[in-house]
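Protein chains in written order, with my numbering: chain X, 34 to 689; chain C, 34 to 225.
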């Protein structure tokens with residue numbers, strides 16, 4: 034018995050030894066070799082540059098963040114619709130006008146869908162546009178300086194969501210309203226929504242050289258919700274496609290009441306036709322009020338102009354310009370493939386994906402095969418325009434992007450996955466889970482005639498356990514996939530800032546070459562700039578005191594100022610005289626009710642300070658600019674309101 | 034000899050010398066070209082940035098103009114005219130005199146450059162923000178090398194001649210060759 038026990042024990046030990054040994058080998062083979070391979074794919078060695086830029090919307094941060102791919106490293110947060118104390122954007126006198134609207138100064142925005150400018154259907158990396166959802170606006174960011182240089186408000190709009198998508202040659206950046214509203218706004222019962230509210234689709238022209246924006250016309254559509262949009266390209270260039278929901282025109286409990294119709298619409302707008310109509314004097318100029326804010330790079334100053342009218346067009350005025358394509362189940366994303374032939378309606382309450390054919394649409398229009406009309410706009414037959422259906426692809430399709438090889442990639446929110454499928458055969462090729470509940474996805478160049486492929490990243494709405502916990506509030510998470518093979522391969526998780534909606538990405542070379550290093554002092558036309566010690570001065574104008582100040586490693590000039598009184602409004606106009614790459618100086622003074630200034634080489638920025646207390650108050654450089662940064666400081670003396678302290682300033686010697 | 038006299042005019046087209054300063058914070062090095070009549074930036078604003086760096090150790094700003102910028106061009110023009118006159122009128126012995134003249138003047142120029150460099154690197158503001166001393170307790174100088182490379186604090190300085198200097202050198206060498214060829218021809222003609 035003892036012997037049997039012994040031999041059993043020995044056998045078990047041997048078996049355990051063998052099996053565990055075998056296990057080790059297996060797990061090594063699986064995670065070891067494979068994961069190091071994956072790590073290599075996203076590893077960008079110190080000092081090396083990423084291959085792609087990704088511009089990821091900051092959602093409710095109101096900003097736009099700049100990332101590198103494949104590393105997932107964040108390089109910059111570009112302030113757009115929100116005040117940004119880091120640089121003083123929206124706080125400095127020069128940039129406060131950028132956030133002006135017809136509702137007054139608005140310190141915050143909800144940025145959604147960035148889109149890079151295009152030439153001949155290919156992204157050219159000159160400008161990037163992004164929409165603000167809450168107080169409808171479109172911003173233009175110059176990719177030479179990575180700064181917001183223009184913001185235009187969109188009147189007659191509310192929930193500026195089906196925006197900001199550019200046409201093939203950046204003729205227009207297009208902004209559609211998610212919420213329909215009374216146009217013009219007026220005091221009326223909410224229950225009278227149906228038939229009375231309207232949805233404005235705005236075509237904002239982009240001047241080719243500087244990208245200046247101007248609302249060319251607005252199409253006043255029926256009171257549906259216009260959710261997302263994309264331009265036609267190639268053969269369908271000249272058309273624009275908008276998904277709609279709430280064609281029920283409900284104004285309350287939309288989750289139920291806007292989900293009753295089996296099909297909503299994709300609205301197809303022939304903007305070339307409407308453009309021709311308005312160029313020939315068509316349309317109605319209606320009173321409106323909207324701000325147009327332009328940042329001038331020479332004066333380093335923004336100006337806000339309130340516009341007073343906008344040209345509107347009713348679809349009925351231009352027969353043949355607008356059609357409705359029935360699309361199942363409250364479509365969300367409305368995506369056009371690189372050839373311009375397929376229009377994908379991502380019916381978010383459906384398991385199937387609907388794909389319309391542009392050719393079929395034209396044929397149906399030609400044959401006048403209409404199923405009826407909505408407020409005079411012809412509705413085409415679903416079967417006539419359908420190209421195909423991707424059957425049972427997943428649950429809750431939201432958005433689709435494309436690679437250069439005829440494949441499409443669709444996100445499914447409910448089943449939390451990205452599904453790769455083939456254009457034309459509609460077969461599902463691959464599916465990969467996302468963590469968790471993906472919204473948009475982006476492929477570099479994905480919204481153009483020439484997708485640049487290689488990577489795809491999914492932007493998820495729910496983060497949960499993907500990173501070390503940070504309490505109840507978490508940043509969102511993106512996942513990067515390699516799409517160069519037949520199957521998608523998950524490479525990397527990386528956190529994103531705010532709530533990214535869409536993102537735009539492109540190869541780095543075009544932008545990298547043009548990126549500006551400094552602002553040339555010779556081009557600085559700021560009215561309060563000082564270019565040398567001789568220019569520095571302090572000027573009193575009633576209660577306003579203007580300080581013409583310079584910074585250079587490592588001092589302010591002047592750095593001793595006397596003669597300021599309680600009740601004065603002191604303007605610190607600070608010019609950074611540096612002309613070397615990456616030598617900013619900062620400016621902060623005790624009791625500043627705004628933010629610091631961060632001034633780039635060659636730039637002038639202004640901070641207003643209204644001292645309330647008598648004393649001698651220090652100011653200093655907030656950016657560790659040099660070895661003597663800590664010495665970069667000064668004093669400003671504040672005397673009582675009725676004092677007679679003379680206005681004097683100095684640098685390097687005492688005020689006598 | 035004609036060629037010899039004309040070649041130094043290349044100094045008006047191309048820089049004579051270049052000083053380059055490398056440091057970790059300057060992935061694109063700072064650089065300054067020295068022309069016969071000017072200092073210029075290798076990349077925009079380099080001289081301004083060199084001055085900014087150097088003020089920490091009390092070095093003077095690189096001047097916009099120095100007297101040499103008037104003397105040197107005049108010298109080159111005069112020697113060229115002399116060279117041309119010799120080329121057309123003079124005999125080969127004059128080629129040698131011109132050669133010697135040019136070597137002497139160029140050496141004087143280099144010596145002048147060295148004096149300026151020495152002053153620039155050693156004549157420091159007594160109120161300099163940072164004062165460095167050599168191990169033996171003497172004041173550390175920041176003179177860039179006349180020719181070659183040298184470490185100065187966090188910088189590595191390089192100083193090398195450029196195309197203009199090459200033209201000058203070629204001109205001088207050509208005059209010597211002209212002399213030797215002239216001498217040989219003269220001998221040959223005597224022998225015949």
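For every residue, glycine included, the Cβ atom is placed at its ideal position computed from N, Cα and C.
Check your understanding: By a C-beta neighbour count over all protein chains shown, 10 Å radius and 16 as the cutoff for buried, is residue 298 of chain X buried or exposed?
Key -> As a position in the first chain, residue 298 of chain X is number 265, starting the count at 1. Residue 298 of chain X comes out buried.
Practice item. Just grab the DSSP bridge partners of residue 114 of chain X for me. Key: Within the first chain, numbered from 1, the residue matching residue 114 of chain X stands at position 81. BP columns for residue 114 of chain X are empty, so no partner.
Practice item. Can you say whether residue 108 of chain X is buried or exposed, counting buried as having 16 or more other CB atoms within 10 angstroms of its CB? Key: Here residue 108 of chain X is taken as the residue at index 75 of the first chain, counted from 1. Flag for residue 108 of chain X reads exposed.
Review point. So residue 307 of chain X is in the beta strand (DSSP E); what residue range does that whole segment cover?
Key: Translated into the one-based positions of the first chain, residue 307 of chain X becomes position 274. Looking at the DSSP string, residue 307 of chain X is not in any beta strand (DSSP E); the run it does join, the alpha helix (DSSP H), is 304 to 312.
Review point. Hey, out of C:218, C:173, C:190, whose CA is closest to residue 181 of chain C's CA?
Key: Indexing the second chain from 1 puts residue 181 of chain C at position 148. Here the closest residue by C-alpha is C:190.
Review point. For residue 41 of chain C, which three-state DSSP category applies?
Key: Indexing the second chain from 1 puts residue 41 of chain C at position 8. It is helical.
Practice item. Return the chain-ordered list of same chain residues with a C-beta closer than 7 Å to the C-beta of residue 203 of chain C, the five sequence neighbours on each side being excluded. Key: Taking the second chain and counting its residues from 1, the one referred to as residue 203 of chain C is at position 170. Once the five neighbours on either side are set aside, the close Cβ partners of residue 203 of chain C are 40.
Practice item. Going by CA-CA distance only, name the one from X:639, X:479, X:649 that's closest to residue 155 of chain X. Key: Residue 155 of chain X sits at position 122 when you count from the first residue of the first chain. The option with the nearest alpha carbon to residue 155 of chain X is X:479.
Exercise for review: Helix, strand or coil for residue 86 of chain C, going by three-state DSSP, please let me know.
Suggested key: Numbered from its first residue, the second chain carries residue 86 of chain C at position 53. Residue 86 of chain C falls in the helix class under three-state DSSP.
**Study point:** Candidates X:351, X:450, X:544: closest to residue 304 of chain X by CA position
**Key:** Taking the first residue of the first chain as position 1, residue 304 of chain X is located at position 271. Selected option, being the one with the closest Cα: X:351.
Point to revise | Cutoff 6 Å; reference residue 173 of chain C; Cβ partners in own chain excluding five residues on either side | key: For this step, residue 173 of chain C is matched to residue 140 along the second chain. Only 165, 166, 167 meet the Cβ criterion.
**Study point:** residue 93 of chain X, enclosing beta strand (DSSP E) - first and last residue
**Key:** As a working note, residue 93 of chain X is residue 60 in the first chain. Unbroken run through residue 93 of chain X: none, as it is neither H nor E.
Exercise for review: Quick one: give me the first and last residue of the alpha helix (DSSP H) that residue 394 of chain X is part of.
Suggested key: By 1-based counting over the first chain, the position of residue 394 of chain X is 361. Counting along the chain, the alpha helix (DSSP H) containing residue 394 of chain X begins and ends at 391 to 399.
Practice item. Verify the CB distance criterion: does residue 218 of chain C have a CB-CB separation below 9 Å to chain X? Key: The residue given as residue 218 of chain C occupies position 185 in the second chain. Answer no: the Cβ-Cβ gap between residue 218 of chain C and chain X never drops below 9 Å.
Exercise for review: Under 8 Å between beta-carbons, which chain C residues line up against residue 612 of chain X? List them in chain order, please.
Suggested key: The residue labelled residue 612 of chain X in the question sits at position 579 within the first chain. Here the neighbours are 77, 78, 81, 82.
Practice item. Buried or exposed for residue 60 of chain X, please, with buried defined as at least 16 other CB atoms from any protein chain shown within 10 angstroms of its CB. Key: Within the first chain, residue 60 of chain X is the residue found at index 27, counting from 1. Legend: pLDDT at residue 60 of chain X = 40, less than 50; position of this residue unreliable, value from coordinates given subsequently. Label assigned to residue 60 of chain X: exposed.
Point to revise | Backbone CA spacing between residue 55 of chain C and residue 178 of chain C [nearest angstrom] | key: If you number the second chain from 1, residue 55 of chain C lands on position 22. If you number the second chain from 1, residue 178 of chain C lands on position 145. Near 14 Å, if we compare the C-alpha coordinates of residue 178 of chain C and residue 55 of chain C.
Practice item. Measuring only between beta-carbons, confirm whether residue 45 of chain C sits less than 9 Å from chain X. Key: Within the second chain, the letter at position 12 stands for residue 45 of chain C. Cβ-Cβ to chain X under 9 Å: no for residue 45 of chain C.
Review point. Contact check, residue 470 of chain X vs residue 382 of chain X under 8 Å by CB: the rounded distance?
Key: Within the first chain, the letter at position 437 stands for residue 470 of chain X. Within the first chain, the letter at position 349 stands for residue 382 of chain X. Wrong, their Cβ atoms sit about 15 Å apart, outside the cutoff.
Practice item. Go ahead and pull the three-state DSSP assignment for residue 126 of chain C. Key: Position 93 of the second chain, counted from the first residue, corresponds to residue 126 of chain C. Note: residue 126 of chain C maps to helix in three-state DSSP.
Point to revise | Proximal residues of chain C, C-beta to C-beta of residue 661 of chain X below 7 Å | key: The sequence position of residue 661 of chain X within the first chain is 628, counting from 1. Going along chain C in sequence order, the residues near residue 661 of chain X (Cβ under 7 Å) are 162.
Review point. Which residue comes first and which comes last in the alpha helix (DSSP H) that contains residue 219 of chain C?
Key: In the second chain, residue 219 of chain C corresponds to position 186, counting from 1. From DSSP, the alpha helix (DSSP H) with residue 219 of chain C extends over 196 to 224.
Exercise for review: Could you tell me the distance, in whole angstroms, from the CA atom of residue 226 of chain C to the CA atom of residue 212 of chain C?
Suggested key: The displayed coordinates of chain C run from 34 to 225. Any statement about residue 226 of chain C would go beyond what the structure contains.
Exercise for review: Report the three-state DSSP secondary structure of residue 542 of chain X (helix, strand or coil).
Suggested key: As a position in the first chain, residue 542 of chain X is number 509, starting the count at 1. Looking at residue 542 of chain X - three-state DSSP - the assignment turns out to be helix.
Review point. Along the chain, which unbroken stretches of the beta strand (DSSP E) at least 3 residues long are found entirely within the stretch 532 to 605 of chain X?
Key: 536 to 540, 570 to 574, 577 to 585, 588 to 590, 593 to 598
**Study point:** First through last residue of the beta strand (DSSP E) which encompasses residue 164 of chain X
**Key:** Counting from 1 along the first chain, the entry for residue 164 of chain X is found at position 131. Looking at the DSSP string, the run of the beta strand (DSSP E) that includes residue 164 of chain X is 155 to 165.
Check your understanding: Near residue 248 of chain X, which residues of its chain fall below 6 Å by C-beta distance, leaving aside the five closest residues on each side in sequence?
Key -> Here the question's residue 248 of chain X lines up with position 215 in the first chain. Contacts found: 235, 237, 343.
Review point. Quick one: which chain X residues come within Cβ less than 8 Å of residue 186 of chain C?
Key: Start at 1 with the first residue of the second chain, and residue 186 of chain C comes out as number 153. None at all; the shortest Cβ gap to chain X is about 11 Å.
Check your understanding: How long is the line joining the alpha carbons of residue 639 of chain X and residue 602 of chain X, rounded to whole angstroms?
Key -> On the first chain, position 606 is the one that residue 639 of chain X refers to. On the first chain, position 569 is the one that residue 602 of chain X refers to. Looking at the two C-alpha atoms, the distance is approximately 12 Å.
Point to revise | Presumed contact (8 Å Cβ cut-off) between residue 619 of chain X and residue 656 of chain X, rounded CB distance | key: Here the question's residue 619 of chain X lines up with position 586 in the first chain. Here the question's residue 656 of chain X lines up with position 623 in the first chain. Confirmed, Cβ separation roughly 4 Å.
Check your understanding: Does any CB atom of chain C fall closer than 9 Å to the CB of residue 726 of chain X?
Key -> There is simply no residue 726 of chain X to check, as chain X begins at 34 and stops at 689 in what is shown.
Check your understanding: Starting from residue 290 of chain X and walking both ways along the alpha helix (DSSP H), at which residues does that stretch end?
Key -> Counted from its first residue, the first chain places residue 290 of chain X at position 257. Run containing residue 290 of chain X: 287 to 290, per the alpha helix (DSSP H) assignment.
**Study point:** contact_flag[the stretch 563 to 573 of chain X, the stretch 649 to 669 of chain X] where n(CB pairs < 8 Å) is 3 or more
**Key:** no
Exercise for review: Using only alpha-carbon positions, find the residue among C:192, C:214, C:205, C:114 that is nearest to residue 125 of chain C.
Suggested key: Numbered from 1 along the second chain, position 92 holds the residue referred to as residue 125 of chain C. For residue 125 of chain C, the nearest C-alpha among the options comes from C:214.
Exercise for review: Assign residue 122 of chain X to one of two classes, buried (16 or more other C-beta atoms within 10 Å of its C-beta) or exposed (fewer than that).
Suggested key: Translated into positions along the first chain, residue 122 of chain X becomes position 89. Buried: at least 16 other Cβ atoms inside 10 Å.
Exercise for review: Could you please give the first and the last residue of the uninterrupted beta strand (DSSP E) stretch that includes residue 158 of chain C?
Suggested key: Translated into the one-based positions of the second chain, residue 158 of chain C becomes position 125. Segment: none, residue 158 of chain C is in no beta strand (DSSP E) and carries neither H nor E.
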